[in-house]
C-alpha cells in the first residue's frame, strides 16, 4: 500500500510539473517551415518570443488560458489535500476530497485542450504547414494522468 501511495504521489507531482510546462511554454503549434512556434501567450520566431498572437483578443484563447491556469490550481490543491488527508485521516476512509479535486482538474484540462484543439490546433490561424508541439502533447498526457489519479484517489482506502 505504501508503494502504491508513493507511486501515485510521484505521478501526481509529475502531472503538476507537466501542467506548468505545457501552460507556460509557447510550443503548442510548431511551424514546419522555419523556427517558429505558437503558444497560449506569445508567438515565437527564431527563439524570440516577443511577438503577440494574431488572435490574442479572441474569447476562445482567453478561455483556454483560464482553464489551463485553473487546472494547475486544482492539481496543486489536490496534491496538498492528499498530503493533508494522508496524515490526518482515519484508517479505512477513502481519499474522496483529493479525488474530487483532481477530477475537477481533469475537467479543466479537458475543456481547455478541447477548445484549443477546435479553434487553433489545425494550424490555419498560425501557420500553413505546422504540427503539434510538445506543450499540446503534454496537455493531453496530463489529461490522462489526472483522470487516472482522480479515479485512484476515489477508490483507495487508507490502511
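In my numbering, the protein residues as written are 244 to 402. By construction, the Cβ of each residue, glycine as well, lies at the ideal position given by its N, Cα and C atoms.
Between the CA atoms of residue j and residue i - distance to the nearest angstrom
| i | j | result |
| --- | --- | --- |
| residue 351 | residue 372 | 29 Å |
| residue 288 | residue 380 | 20 Å |
| residue 377 | residue 387 | 15 Å |
| residue 305 | residue 286 | 15 Å |
| residue 282 | residue 260 | 17 Å |
| residue 263 | residue 323 | 16 Å |
| residue 266 | residue 354 | 14 Å |
| residue 296 | residue 347 | 29 Å |
Contacting residues, own chain, Cβ-Cβ under 7 Å from residue i (five flanking each side not counted)
| i | result |
| --- | --- |
| residue 374 | 273, 275 |
Contact test: residue i Cβ vs the ligand GDP heavy atom, cutoff 6 Å
| i | result |
| --- | --- |
| residue 260 | You won't find the ligand GDP in this model; it holds no ligand whatsoever. |
Sequence-distant residues of its chain with Cβ nearer than 8 Å to residue i (five each side left out)
| i | result |
| --- | --- |
| residue 383 | 356 |
| residue 319 | 259 |
Bridge-paired residues (DSSP) for residue i
| i | result |
| --- | --- |
| residue 273 | 280, 374 |
Between the region 354-363 and the region 309-316, do three or more beta carbon pairs fall short of 8 Å? yes
Please give the ranges of any alpha helix (DSSP H) in the region 266-351, keeping only runs that are unbroken, at least 4 residues long and fully inside the region. Qualifying alpha helix (DSSP H) stretches, in chain order: 302-331.
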